[in-house]
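Enquirer:
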Amino acid sequence: MYRELESILKSDEYLEDLRFELEHYNPNYLTILEKRIKDMEKSDHGIVVAGETSAGKSTLINKILNRRIFKGRNLETTSTIIKLRDSERVRIITENDAGKIKEKDFSDKCDLASKDGVKVLRDYLKDMTDMTASQRSAQIRSVDIGLPIPFLKGNTILVDTPGIGGSGEVTKKLMDYLPNAVSFIFVINVGSAGGMQNDRLPEILKSIVLLQMDNEMPCFDPQDVIFITNKWDTIESNAEGSDENSSDDDDVTKTWEALKATIKQNWPTVKEENIYKMNLKDVSLDKSNASSTEFVKFQAALKSTATKAEHIRRNDLLRRKTKRTIAETAQACYDYMLTPAGKEKVLNPPGSTSILKIEWQPNVFAEKVQKRVAMYVSEYLQSKDVSQRFGRLKEEIASFYEKVSSDLSEIETGWIQRKTSKRHALYLDDPDISKASVVGIVLATSPLWLPLLATGVGLTIAASPIIFPVIKFLGRDKRKQKLIDDEYSRCLSSVKDSIRTELDSNQGKVINKLVDKVTDDLLLRRIQYLQKMINQLMKSREEIISNVDTLTALAKKIQIIKESATESLDLFTKEMKAAEAGVY
Numbered sequence: 001m002y003r004e005l006e007s008i009l010k011s012d013e014y015l016e017d018l019r020f021e022l023e024h025y026n027p028n029y030l031t032i033l034e035k036r037i038k039d040m041e042k043s044d045h046g047i048v049v050a051g052e053t054s055a056g057k058s059t060l061i062n063k064i065l066n067r068r069i070f071k072g073r074n075l076e077t078t079s080t081i082i083k084l085r086d087s088e089r090v091r092i093i094t095e096n097d098a099g100k101i102k103e104k105d106f107s108d109k110c111d112l113a114s115k116d117g118v119k120v121l122r123d124y125l126k127d128m129t130d131m132t133a134s135q136r137s138a139q140i141r142s143v144d145i146g147l148p149i150p151f152l153k154g155n156t157i158l159v160d161t162p163g164i165g166g167s168g169e170v171t172k173k174l175m176d177y178l179p180n181a182v183s184f185i186f187v188i189n190v191g192s193a194g195g196m197q198n199d200r201l202p203e204i205l206k207s208i209v210l211l212q213m214d215n216e217m218p219c220f221d222p223q224d225v226i227f228i229t230n231k232w233d234t235i236e237s238n239a240e241g242s243d244e245n246s247s248d249d250d251d252v253t254k255t256w257e258a259l260k261a262t263i264k265q266n267w268p269t270v271k272e273e274n275i276y277k278m279n280l281k282d283v284s285l286d287k288s289n290a291s292s293t294e295f296v297k298f299q300a301a302l303k304s305t306a307t308k309a310e311h312i313r314r315n316d317l318l319r320r321k322t323k324r325t326i327a328e329t330a331q332a333c334y335d336y337m338l339t340p341a342g343k344e345k346v347l348n349p350p351g352s353t354s355i356l357k358i359e360w361q362p363n364v365f366a367e368k369v370q371k372r373v374a375m376y377v378s379e380y381l382q383s384k385d386v387s388q389r390f391g392r393l394k395e396e397i398a399s400f401y402e403k404v405s406s407d408l409s410e411i412e413t414g415w416i417q418r419k420t421s422k423r424h425a426l427y428l429d430d431p432d433i434s435k436a437s438v439v440g441i442v443l444a445t446s447p448l449w450l451p452l453l454a455t456g457v458g459l460t461i462a463a464s465p466i467i468f469p470v471i472k473f474l475g476r477d478k479r480k481q482k483l484i485d486d487e488y489s490r491c492l493s494s495v496k497d498s499i500r501t502e503l504d505s506n507q508g509k510v511i512n513k514l515v516d517k518v519t520d521d522l523l524l525r526r527i528q529y530l531q532k533m534i535n536q537l538m539k540s541r542e543e544i545i546s547n548v549d550t551l552t553a554l555a556k557k558i559q560i561i562k563e564s565a566t567e568s569l570d571l572f573t574k575e576m577k578a579a580e581a582g583v584y
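Counting in the UniProt record's numbering, the sequence shown runs from 1 upward without gaps.
1. So, under 8 Å CB-CB, G46 and V159 are touching, yes? Tell me the CB distance rounded to an integer number of Å.
2. In chain order, what residues of the same chain lie with their CB nearer than 8 Å to the CB of L5, ignoring the 5 residues before and after it?
3. Spatial neighbours of K104 within its chain, please: C-beta separation below 7 Å, excluding the five flanking residues on both sides.
4. Is R372 helix, strand or coil when you go by DSSP?
5. With DSSP as the reference, please indicate the residues paired to F184 in a beta bridge.
6. Would you call K115 buried or exposed, if buried means 16 or more other Cβ atoms sit within 10 Å of its Cβ?
7. Is it the case that the Cβ atoms of I64 and I145 are separated by a distance below 8 Å?
8. Should the stretch 316-328 be regarded as contacting the stretch 360-372, the criterion being three or more beta carbon pairs within less than 8 Å?
9. Kindly indicate which three-state DSSP category I92 falls into: helix, strand or coil?
10. Determine the direct distance from the alpha carbon of I8 to that of I461, and round the result to whole angstroms.
11. Taking just the CA atoms, how far does Y380 sit from C333?
12. Suppose you measure from the CA of V283 to the CA of D123; what does that come to, to the nearest Å?
13. From this set, I188, D224, I235, P268, which residue's C-alpha is nearest K206's C-alpha?
14. As a quick exercise: from I355, W232, M217, D224, pick the residue whose alpha carbon is nearest that of I188.
15. Within 10 angstroms of the Cβ of M213, are there 16 or more other Cβ atoms? Answer buried if so, exposed if not.
16. Opposite N230 in the DSSP bridges: which residues?
17. Ignore the nearest five residues each way along the sequence and tell me which others in A436's own chain have a CB closer than 6 Å to its CB.
18. Give a yes or no on contact between the stretch 338-353 and the stretch 504-519, applying the rule of three or more CB pairs nearer than 8 Å.
19. State the Cα-Cα distance for the pair T255 and T234, rounded to the nearest angstrom.
20. Taking contact to mean 3 or more Cβ pairs, one atom from each stretch, closer than 8 Å, check whether the stretch 320-331 and the stretch 493-508 are in contact.
21. Could you give the first and the last residue of the continuous beta strand (DSSP E) run that contains D160?
22. Rounded to whole angstroms, what's the CA-CA distance from L428 to R525? Just pull it up for me.
23. What residue does the beta strand (DSSP E) around D123 start on, and which one ends it?
24. In chain order, which alpha helix (DSSP H) runs of at least 4 residues are fully inside the stretch 303-352?
25. Quick one: is the Cβ of K357 within less than 7 Å of any heavy atom of the ligand SAH?
26. When you compare each of D485, D385, L302, A261 to E329 by their alpha carbons, which one comes out closest?
27. Under 8 Å between the Cβ atoms of D224 and T161?
28. Sort N66, R89, V143, L84 by Cα distance to residue 585 and report the nearest one.
29. Just confirm the distance between the C-beta atoms of V190 and L259, as a whole number of angstroms; I'd bet it's less than 8 Å.
30. In whole angstroms, what separates the C-alpha of S409 from that of M278?
31. Go through its chain and collect everything with a Cβ distance to R389's Cβ below 8 Å, but skip five positions before and after it.
32. Which same chain residues, not among the five before or five after S291, have their C-beta less than 6 Å away from its C-beta?
33. By how many angstroms is the C-alpha of D549 removed from the C-alpha of K562?
34. Rounded to whole angstroms, what's the CA-CA distance from N180 to V518? Just pull it up for me.
35. Considering only DSSP beta bridges, list what I101 is partnered with.
36. What do you reckon, are the CB atoms on D44 and I157 nearer than 8 Å?
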């Protein structure tokens with residue numbers, strides 16, 4: 001629709017006044033159309049990691065990947081947009097500001113299971129993205145990295161952005177990328193003026209709000225934004241050196257409460273459980289500490305966000321595909337009817353009297369043309385080609401559900417395997433959603449052409465009274481041909497709209513209902529079930545850790561009692577021996 005509107009607005013016929021008005025009230029109207037088109041054509045679902053320089057973005061991504069791919073520094077270093085996606089092969093694609101693309105495959109050059117292999121990748125990326133290491137990195141628009149990242153399914157990507165710091169150009173690259181995001185992770189350095197230094201992060205948040213208001217981010221859900229507050233050890237160390245009477249815990253608590261209040265003030269829709277408190281450098285999946293516990297919670301939220309990001313834009317994509325299929329179906333019918341062969345087939349179908357041999361009665365004659373056009377369109381819409389078009393859409397919906405359902409099942413299985421004992425088993429009501437349920441729905445919905453056949457595609461058009469003065473001076477055969485041509489052209493002028501209306505009312509409704517059923521019902525219930533499972537597992541984990549701490553404390557007390565008892569026994573034994581020696 002946007003392409004068609006763009007084409008009309010750029011045409012030279014009859015539109016000078018309209019273009020003048022559009023340019024007066026909205027000089028960028030063509031640019032706005034192009035933006036809408038580009039957003040519709042996006043296939044990546046970007047989860048954007050943003051924050052001030054040295055906040056810990058690179059460290060966070062390294063922890064997520066469980067590999068030290070990026071080297072974090074205190075200076076502003078990352079100069080470009082870095083996209084990370086799941087891929088069986090290890091490869092890097094760079095695009096410079098001139099649009100030139102270069103691809104390099106590392107699959108046979110670096111083993112990501114070894115430190116040396118990771119270093120090969122890290123050194124190459126340093127040259128592509130680090131301003132302090134290479135001047136050419138400033139001319140690179142984006143770096144696309146593919147490597148095995150299992151939780152990033154489909155076209156969901158993790159995006160590292162230039163730090164919000166001193167370089168205006170770097171900040172511009174971040175701002176330019178904002179409309180591409182479906183979710184955000186903001187990393188905040190709590191040691192930098194409480195994490196909101198110079199209002200840089202609030203400025204980014206305000207920009208996102210403005211983009212939403214302009215409908216530049218149709219697939220973005222504000223409630224999915226995640227805030228990672230990092231470097232809490234700096235608060236503790238500052239407190240130690242500043243006031244002997246101050247309590248480290250009090251300073252940390254006050255900063256934590258103040259920071260949460262500031263975040264909520266700048267982003268009112270934030271969920272409190274999406275604000276995490278940790279020292280990223282202390283995070284280890286092999287060790288038990290507060291930061292590692294928080295990181296595990298964050299990982300669960302990130303996996304849920306990644307799954308949601310994929311199906312949100314897929315929902316939008318499926319709806320757009322339905323609209324496009326309807327438009328293409330109508331256009332294909334119209335294009336064929338414009339050709340001489342198509343016109344002949346429509347007006348003179350096999351087994352019917354030739355249109356030119358019908359008795360001359362202008363109103364009846366026009367009605368015959370209309371009926372033959374309607375009959376052809378109805379037959380076209382019941383054809384194998386049209387059926388296959390919409391059949392493929394339904395198969396894609398079923399395939400999408402099976403894929404995402406399988407991904408969710410893998411996550412569920414992974415979390416269930418983390419159970420440590422029957423005592424901490426999960427007590428959840430399984431939603432009992434099988435792949436067959438949606439597949440059955442899809443296969444059961446056959447083309448609904450009965451309304452189409454009954455209405456005759458809405459092409460009953462009254463004969464135009466103005467045709468008679470035009471044709472009364474012509475001979476009988478020429479008058480017939482003139483009337484046929486005029487009436488056929490009038491039918492063609494409305495045939496695309498009529499087909500689209502009919503397809504929207506039956507096939508469009510059915511397919512959109514299926515999309516809603518899959519994304520807003522079945523998959524949403526699966527995701528909610530997974531979130532409930534994760535919450536219970538986290539609660540069980542915390543109970544286990546709490547019990548371990550208690551048992552450790554008890555073990556220490558027992559050891560002290562044992563040592564004391566041993567000392568007492570040794571002393572008693574010595575005294576007994578001494579007493580016995582004295583007696584004898």
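Glycine is no exception: its CB is placed at the ideal position from the N, C-alpha and C atoms.
Expert: Here's the rundown:
1. Their Cβ separation, rounded to whole angstroms, is 5 Å, which keeps G46 and V159 in contact under 8 Å.
2. Cβ neighbours of L5 beyond the five flanking positions: L33.
3. The residues are R91, I92.
4. Here DSSP, grouped into helix, strand and coil, assigns R372 to helix.
5. DSSP lists V48 as partners of F184.
6. By the 10 Å Cβ count, K115 comes out exposed.
7. Going by C-beta atoms, I64 is not nearer than 8 Å to I145.
8. In the pairwise beta carbon analysis, the stretch 316-328 is classified as not touching the stretch 360-372: fewer than three pairs are separated by under 8 Å.
9. Reduced to three states, the DSSP call for I92 is strand.
10. Residue placement at I461 is poorly supported in this model, since its pLDDT is 39, which falls under 50; the coordinates are not used for a value here.
11. CA-to-CA, the gap between C333 and Y380 works out to about 7 Å.
12. For V283 and D123, the distance between alpha carbons rounds to 24 Å.
13. Ranking I188, D224, I235, P268 by Cα distance to K206 puts P268 first.
14. Cα-wise, what sits closest to I188 is W232.
15. M213 is exposed by the Cβ-count criterion.
16. Answer by DSSP bridge pairing, in chain order: N189.
17. Summary for A436: the model assigns pLDDT 46, below 50, so the residue's position carries little reliability; its value from the coordinates is reported in the next sentence. None.
18. Proximity of the stretch 338-353 to the stretch 504-519 falls short of the contact definition, fewer than three beta-carbon pairs being nearer than 8 Å.
19. T234 has its alpha-carbon roughly 12 Å from the corresponding atom of T255.
20. At 8 Å Cβ cutoff, the stretches touch.
21. 156-160 is the extent of the beta strand (DSSP E) around D160.
22. Caution applies to L428, whose pLDDT of 45 falls short of 50 and renders its modelled position unreliable; the model cannot decide the point.
23. Here D123 belongs to no beta strand (DSSP E); instead the alpha helix (DSSP H) covers 115-129.
24. Taken in chain order, the complete alpha helix (DSSP H) segments of 4 or more residues contained in the stretch 303-352 are 340-347.
25. The ligand content of the structure shown is nil, which means the ligand SAH is not present either.
26. Just to set this straight, residue 329 is Thr in the shown sequence, not Glu. Ranking D485, D385, L302, A261 by Cα distance to T329 puts D385 first.
27. No, these two residues do not count as a Cβ contact at 8 Å.
28. This structure gives no information on residue 585, because the portion of the chain shown stretches from 1 to 584.
29. Between L259 and V190 the Cβ distance is about 6 Å, and since that is below 8 Å, they are a contact.
30. Their backbone Cα atoms lie some 29 Å apart in a straight line.
31. Only residues of its own chain outside the window of five on either side were considered, and among them T325, E328, T329 have a CB closer than 8 Å to the CB of R389, listed in chain order.
32. Counting only Cβ-Cβ distances below 6 Å, and skipping sequence neighbours, we find M278, N279, D282, V283.
33. Those two C-alpha atoms are separated by around 20 Å.
34. One C-alpha to the other measures close to 24 Å.
35. Beta-bridge pairing links I101 to E95.
36. Between D44 and I157, the gap from beta carbon to beta carbon is short of 8 Å.
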